[in-house]
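**Q** Before we start, here is the structure in question, set down as structure tokens.
Number of protein chains: 4
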Amino acid sequence: MHATGSQDLKVWLADGTNYPGQDDMRGRQDRLAESLQEIYAGLGENQRLVLEYKFFEPAFYHTDVPDWGTSYAQTLALGEKAMVCLDTGHHAPGTNIEFIVMQLLRLGKLGSFDFNSRFYADDDLIVGAADPFQLFRIMYEVIRGGGFGKDSGVALMLDQCHNLEEKIPGQIRSVLNVQEMTARAMLVDTAALGEAQHAGDVLAANGIFNDAFYTDVRPILAAWREERGLPADPMAAFKASGYQKQINEDRVGGQQAGWGA
Amino acid sequence: MHATGSQDLKVWLADGTNYPGQDDMRGRQDRLAESLQEIYAGLGENQRLVLEYKFFEPAFYHTDVPDWGTSYAQTLALGEKAMVCLDTGHHAPGTNIEFIVMQLLRLGKLGSFDFNSRFYADDDLIVGAADPFQLFRIMYEVIRGGGFGKDSGVALMLDQCHNLEEKIPGQIRSVLNVQEMTARAMLVDTAALGEAQHAGDVLAANGIFNDAFYTDVRPILAAWREERGLPADPMAAFKASGYQKQINEDRVGGQQAGWGA
Amino acid sequence: MHATGSQDLKVWLADGTNYPGQDDMRGRQDRLAESLQEIYAGLGENQRLVLEYKFFEPAFYHTDVPDWGTSYAQTLALGEKAMVCLDTGHHAPGTNIEFIVMQLLRLGKLGSFDFNSRFYADDDLIVGAADPFQLFRIMYEVIRGGGFGKDSGVALMLDQCHNLEEKIPGQIRSVLNVQEMTARAMLVDTAALGEAQHAGDVLAANGIFNDAFYTDVRPILAAWREERGLPADPMAAFKASGYQKQINEDRVGGQQAGWGA
Amino acid sequence: MHATGSQDLKVWLADGTNYPGQDDMRGRQDRLAESLQEIYAGLGENQRLVLEYKFFEPAFYHTDVPDWGTSYAQTLALGEKAMVCLDTGHHAPGTNIEFIVMQLLRLGKLGSFDFNSRFYADDDLIVGAADPFQLFRIMYEVIRGGGFGKDSGVALMLDQCHNLEEKIPGQIRSVLNVQEMTARAMLVDTAALGEAQHAGDVLAANGIFNDAFYTDVRPILAAWREERGLPADPMAAFKASGYQKQINEDRVGGQQAGWGA
Chain Y
1 MHATGSQDLK VWLADGTNYP GQDDMRGRQD RLAESLQEIY AGLGENQRLV
51 LEYKFFEPAF YHTDVPDWGT SYAQTLALGE KAMVCLDTGH HAPGTNIEFI
101 VMQLLRLGKL GSFDFNSRFY ADDDLIVGAA DPFQLFRIMY EVIRGGGFGK
151 DSGVALMLDQ CHNLEEKIPG QIRSVLNVQE MTARAMLVDT AALGEAQHAG
201 DVLAANGIFN DAFYTDVRPI LAAWREERGL PADPMAAFKA SGYQKQINED
251 RVGGQQAGWG A
Chain E
1 MHATGSQDLK VWLADGTNYP GQDDMRGRQD RLAESLQEIY AGLGENQRLV
51 LEYKFFEPAF YHTDVPDWGT SYAQTLALGE KAMVCLDTGH HAPGTNIEFI
101 VMQLLRLGKL GSFDFNSRFY ADDDLIVGAA DPFQLFRIMY EVIRGGGFGK
151 DSGVALMLDQ CHNLEEKIPG QIRSVLNVQE MTARAMLVDT AALGEAQHAG
201 DVLAANGIFN DAFYTDVRPI LAAWREERGL PADPMAAFKA SGYQKQINED
251 RVGGQQAGWG A
Chain S
1 MHATGSQDLK VWLADGTNYP GQDDMRGRQD RLAESLQEIY AGLGENQRLV
51 LEYKFFEPAF YHTDVPDWGT SYAQTLALGE KAMVCLDTGH HAPGTNIEFI
101 VMQLLRLGKL GSFDFNSRFY ADDDLIVGAA DPFQLFRIMY EVIRGGGFGK
151 DSGVALMLDQ CHNLEEKIPG QIRSVLNVQE MTARAMLVDT AALGEAQHAG
201 DVLAANGIFN DAFYTDVRPI LAAWREERGL PADPMAAFKA SGYQKQINED
251 RVGGQQAGWG A
Chain U
1 MHATGSQDLK VWLADGTNYP GQDDMRGRQD RLAESLQEIY AGLGENQRLV
51 LEYKFFEPAF YHTDVPDWGT SYAQTLALGE KAMVCLDTGH HAPGTNIEFI
101 VMQLLRLGKL GSFDFNSRFY ADDDLIVGAA DPFQLFRIMY EVIRGGGFGK
151 DSGVALMLDQ CHNLEEKIPG QIRSVLNVQE MTARAMLVDT AALGEAQHAG
201 DVLAANGIFN DAFYTDVRPI LAAWREERGL PADPMAAFKA SGYQKQINED
251 RVGGQQAGWG A
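Protein chains in written order, with our numbering: chain Y, 1 to 261; chain E, 1 to 261; chain S, 1 to 261; chain U, 1 to 261.
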């Protein structure tokens, strides 16, 4: 990190056990705390350790950092330069993710996002593909909690696995989805929302919130891009560029990268 | 509490919202912290506040204290007399509950249990009825983490809802199940287990752990009861007592208790 | 049914068991088949029996009709006048509901819908409130499979429980959400979609599908209502009518309806 | 199959889609029916087609055969030689698997099992490792429904993935777990159980059922093995044989098998 000027050391541990009794969960948690402490001690002044949690997989009985609570407790013990990384695919079925976003921002511990979407487990699909309304709600809490913008200290990253679609346009789609849901979240009339919430008017508050989600922001965003000399439709522009076609041809006969198995 | 000599103030809040935008989750969390602080200030020297969390229900979009992380963060902010209450039915599907038991004991924040079992949501069935192996694993972590016994500071309580079965024998069955799984957990050969774990022998460690679970402890417990002048078979003894029959007859024509609806 | 001219006999059974061994699941399934047969025999020529399934609740170990497969097998054994009722809140976490819609329409067995939305279990919230994109996908499959319109034989019903919001505007909101998502589903450019699907162009096909979902249909629907002499904004019109205020006042001191407990 | 004398053609399809709109689910289901029909037409008199279903993975939006209902509908359309394969790891969280076992046996469509266990998704762990009580309940329904024994037409197979443990002793453990839970299921006093069920005595029926599960059958099974000249403790016998050690040494420097990636 010192050599490369890297600011964030993101730690995701695949560690855990597959069978009850296989190892001592408590001893492992203590050793995790000790080893993180050693790593933390080596951080420079403007460097951070960001600890990611994951519900399950590749371990199937217990994971050493399975939930935000564990990541919070571990990073709290380390100090102010240790933060939590929230991967949107790393939760139990039904988990209210925007609540965790709110809570971590409130506790001053949200360091970064790994964005992707999922229907079942850690599917690592295009961001927003499975549930755009959830992405909207997450971005609303990011903004509401002060986690938006370069100076917020919250790093937004993509963490997708492109099994079927081409990688570059798949990522462009993810960026567009985040951009569109962020724009919709910014459209929430927070003054009117606050009034309806204060009055306990459930339907009015929900209506104001959803009005922003139901608004089509694509024309505004296209104009915003054009103003900056960017293509109005990034997906179409990438296709028209012929870049994908060229790299596909260039790579014929090449060596596939893999996990080294 | 001062008047009655009560030691634990257990707080479970049904609060939350049903619809996105209905209320401001962050503001609610801050107000929760403030109100708990006021309550906490009134505790006597030997009194505790125990904060229970619940995944969902009766609120269906967000719950103000939905997970152990929130309960931990809130009680940590209060001080040493604030602890977490773990209800075994209040988690997302698939959650490794014994991990949370381990973590809360490690953090010194496990105050009490609400025991019951569930197949789906917060079913509040007889303890151990749905997954006795899980109850065994939970009791193993309670013992391993120092949470067992009168002086441990961990209160064990039943929290069942008897829809179909008679209440008293239903509770006797719960107590017996906890007792049997605790006895099995105590049978784990921890020295041999530690060696197998240290050697990384997955099958041996899992085998030693399961040997305890697969042992039938009912004869030993029956003898243990008889030594103390208690009935060897509490279920049979209760039935033979005729008590249930008598109260059923006595209450014919009585007024049913309810939620006041 | 004969007396009232009712066409559909909808059967939802709360039956099941709470504990393993409590009853014989197989015997119950056979008795269910027999009793449905007796009921079925009494149907008139233009009458139907519609059998609803539910994953769990109020039974917590097993439910006699827990999934569409059971409802399908039972109604198949009865005959052509027996159909399946799909309640959108009666599935396991993560279930792809539009797949079941597709399958039941394909098998000629989708009789009716109970519409509502849920984040966790059978929450019975306003339709579309939890996941509007899912509602869009469901309506797309309804249309694609020939289940839309008066003559399709598929009855659309609301099945909500209004805990917090007023009942009438809550239902208006549900109707609006179904209407909006249906309109969006109708906007899918099926010719272009078919071409992209046939070409195996994952991103293009998904893009065409989502273009319809991301389109704001509210202005078109408002105009469509005005053309028919209906209020452009039904929520505002209901509020302006003063009806809710009046019935609230009229009912002061009245007797609350309940489950008779 | 004709050449090798194979009786069962087991079909598990990894097919599905990752994104809404990616393909036409209905068209795929129809093409699936057609292609299975062609395969089915080639079966000999004593041959079967067994169709496996899976909730999700590797496809993350929709799977072409996601549930037992789909497998049932497809095999029903084929004919009597088409059956359903139940993999114990291929269900949504919380699914009552023994109910499906009961239902498929009742419908005459349970062809085979893929046995394994799971805490979260399709974890493919040692059979019975995650929830031995569930395995007991499954084996009880297999026996109760006539699916046990060579002539039952139900094939029992292991489908595990050994990530951490040695493969052979991992499989021995699975076989032992199935054997033990089967023996426990055979111990259920079905006459007494039937009486308690008939009397509606929930606690007595559950108690009789669980008495069998809580009985330690390991000594009886060890004696049963010794009577047949088999090792009383197969795990210990395998270890003592030195076979694992030998093949580990023999294979040093060998070529690892893989998916051909």
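Backbone N, C-alpha and C fix where the C-beta goes; we use that ideal spot for every residue, glycine too.
Values in this document were obtained by computation on a predicted structure and should not be read as measured data.
1. Residues of chain S with a CB under 9 Å from the CB of residue 125/E: which are they?
2. My guess is that residue 49/E and residue 71/E are in contact by the Cβ rule of under 8 Å, so how many angstroms apart are they, rounded?
3. Taking residue 189/Y as the reference, which of 29/Y, 175/Y, 199/Y and 205/Y has the closest Cα?
4. List the endpoints of the continuous alpha helix (DSSP H) containing residue 228/U.
5. How is residue 1/Y classed by DSSP in three states: helix, strand or coil?
6. By the three-class DSSP mapping on this structure, what secondary structure does residue 48/S have?
7. With distances taken from CA atoms, which of 214/Y, 167/Y, 152/Y and 193/Y is nearest residue 180/S?
8. For residue 65/U and chain S, any beta-carbon pair shorter than 8 Å?
9. Return the CA-CA distance between residue 60/U and residue 216/E, expressed in angstroms with no decimal places.
10. What separation, rounded to the nearest whole angstrom, lies between the Cα atoms of residue 261/Y and residue 77/S?
11. Thinking C-alpha only, which one of 186/Y, 201/Y, 141/Y and 234/Y is nearest residue 27/E?
12. Residues in its own chain within less than 7 Å of residue 209/E by CB, not counting five upstream and five downstream?
13. Return no unless some Cβ of chain E is closer than 8 Å to the Cβ of residue 220/Y.
14. Can you grab the Cα-Cα spacing for the pair residue 137/U / residue 38/U, in whole Å?
15. Can you give the beta carbon distance from residue 56/Y to residue 120/U, rounded, assuming they're within the 8 Å contact cut?
16. Could you tell me the alpha carbon to alpha carbon distance between residue 54/E and residue 103/Y, rounded to whole angstroms?
17. Where does residue 10/Y fall in DSSP's three states?
18. When the cut-off is 8 Å and only beta carbons count, does residue 243/S lie next to chain U?
19. From 83/S, 231/S, 143/S and 211/S, pick the residue whose C-alpha is nearest to that of residue 172/S; which is it?
20. Taking the CB atoms as reference points, tell me whether residue 212/Y and residue 184/Y lie closer together than 8 Å.
21. Looking at the unbroken beta strand (DSSP E) that takes in residue 114/S, where does it start and where does it end?
22. I want to verify the contact list: residues of chain U whose CB lies under 7 Å from the CB of residue 172/S, in sequence order.
23. For residue 164/E, go through chain U and note every residue whose CB falls closer than 7 Å to its CB, in chain order.
24. Which residue wins for smallest C-alpha separation from residue 17/U, given the options 237/Y, 241/Y, 106/Y and 163/Y?
25. Taking residue 1/Y as the query, report the chain S residues whose CB atoms sit under 8 Å from its CB, ordered along the chain.
26. Run the CB neighbour count on residue 41/U, radius 10 Å, all protein chains shown included, and call it buried at 16 or more, exposed below.
27. Using a Cβ-Cβ distance under 8 Å, would residue 56/U count as near chain Y?
28. Leaving aside the five residues before and after residue 126/E along the sequence, list all residues of the same chain whose C-beta is less than 8 Å from its C-beta, in chain order.
29. Are the C-beta of residue 236/Y and some C-beta of chain U separated by less than 8 Å?
30. Buried or exposed: residue 249/E, going by 16 or more other Cβ atoms within 10 Å of its Cβ?
31. Taking the alpha-carbon positions, what's the residue 30/U to residue 92/U distance?
32. Taking a Cβ distance cut-off of 9 Å, strictly less, list which residues of the segment 187-215 of chain Y are near chain U, in chain order.
33. Among residues of its own chain, excluding the 5 on either side of residue 152/U, which ones have a beta-carbon nearer than 7 Å to its beta-carbon?
34. Comparing C-alpha positions only, which one of 129/U, 81/U, 15/U and 34/U sits nearest to residue 66/U?
35. So what does residue 85/S bridge to, in DSSP terms?
36. Could one say the Cβ of residue 89/E lies closer than 8 Å to chain U's Cβ atoms, at least one of them?
**A** Working from what's here:
1. Within 9 Å Cβ-Cβ: 18, 19, 60 and 61.
2. The pair is not a contact, with the Cβ atoms about 11 Å apart (cut-off 8 Å).
3. For residue 189/Y, the closest of 29/Y, 175/Y, 199/Y and 205/Y by C-alpha to C-alpha distance is 205/Y.
4. Run containing residue 228/U: none; DSSP gives neither H nor E here.
5. In the three-state reduction of the DSSP assignment, residue 1/Y falls in the coil class, being assigned neither a helical nor a strand state.
6. DSSP, reduced to helix, strand and coil, places residue 48/S within a strand of the structure shown.
7. Sorting 214/Y, 167/Y, 152/Y and 193/Y by C-alpha distance to the C-alpha of residue 180/S places 214/Y at the top.
8. At a cut-off of 8 Å between beta-carbon atoms, residue 65/U makes no contact with chain S.
9. Residue 60/U and residue 216/E have their C-alpha atoms spaced approximately 43 Å apart.
10. Only weak support exists for where residue 261/Y lies, its pLDDT of 46 falling under 50; the value from the coordinates is given anyway. Rounded to whole angstroms, residue 261/Y and residue 77/S show a C-alpha spacing of 51 Å.
11. Ranking 186/Y, 201/Y, 141/Y and 234/Y by CA distance to the CA of residue 27/E puts 141/Y first.
12. Counting only residues of its own chain and dropping the five nearest sequence neighbours on each side, residue 209/E has a CB closer than 7 Å to the CB of 188 and 193.
13. Answer no: the Cβ-Cβ gap between residue 220/Y and chain E never drops below 8 Å.
14. Rounded to whole angstroms, residue 137/U to residue 38/U spans 37 Å at the Cα level.
15. So it is a contact: roughly 4 Å between Cβ atoms.
16. Going from the Cα of residue 54/E to the Cα of residue 103/Y covers about 16 Å.
17. In the displayed model, residue 10/Y falls within a strand according to three-state DSSP.
18. By this cut-off, residue 243/S is not an interface position.
19. If we check each option's Cα against that of residue 172/S, 231/S comes out closest.
20. Closer than 8 Å, so yes.
21. Residues 110-115.
22. Result: empty, since nearest Cβ-Cβ is about 28 Å, beyond 7 Å.
23. For residue 164/E, the chain U residues whose C-beta falls within less than 7 Å of its own C-beta are 202, listed in chain order.
24. Relative to residue 17/U, the option among 237/Y, 241/Y, 106/Y and 163/Y whose CA is nearest is 163/Y.
25. Those do not exist, as residue 1/Y stays about 36 Å from chain S at its closest Cβ, beyond 8 Å.
26. The residue in question, residue 41/U, is exposed, as its Cβ has fewer than 16 Cβ neighbours within 10 Å.
27. For residue 56/U, the answer is yes, since a Cβ of chain Y falls inside 8 Å of its Cβ.
28. Non-local C-beta neighbours of residue 126/E in its own chain, meaning closer than 8 Å and more than five positions away in sequence, comprise 116, 117, 160, 165, 170, 173, 174 and 177, ordered along the chain.
29. No, residue 236/Y lies away from the interface with chain U (no Cβ there is under 8 Å from its Cβ).
30. Residue 249/E counts as exposed, since fewer than 16 other C-beta atoms from the protein chains shown sit within 10 angstroms of its C-beta.
31. Each residue's alpha carbon lies about 24 Å from the other.
32. Taking 9 Å as the upper bound on Cβ-Cβ separation, chain U lies near no residue of the segment 187-215 of chain Y.
33. Excluding residues within five positions, the ones whose Cβ falls inside 7 Å are 146.
34. Residue 15/U is the option with its Cα nearest to residue 66/U.
35. In the DSSP output, where bridge partners are listed per residue, residue 85/S has 52/S and 112/S.
36. Chain U, which has no Cβ nearer than 8 Å to the Cβ of residue 89/E, makes this no.
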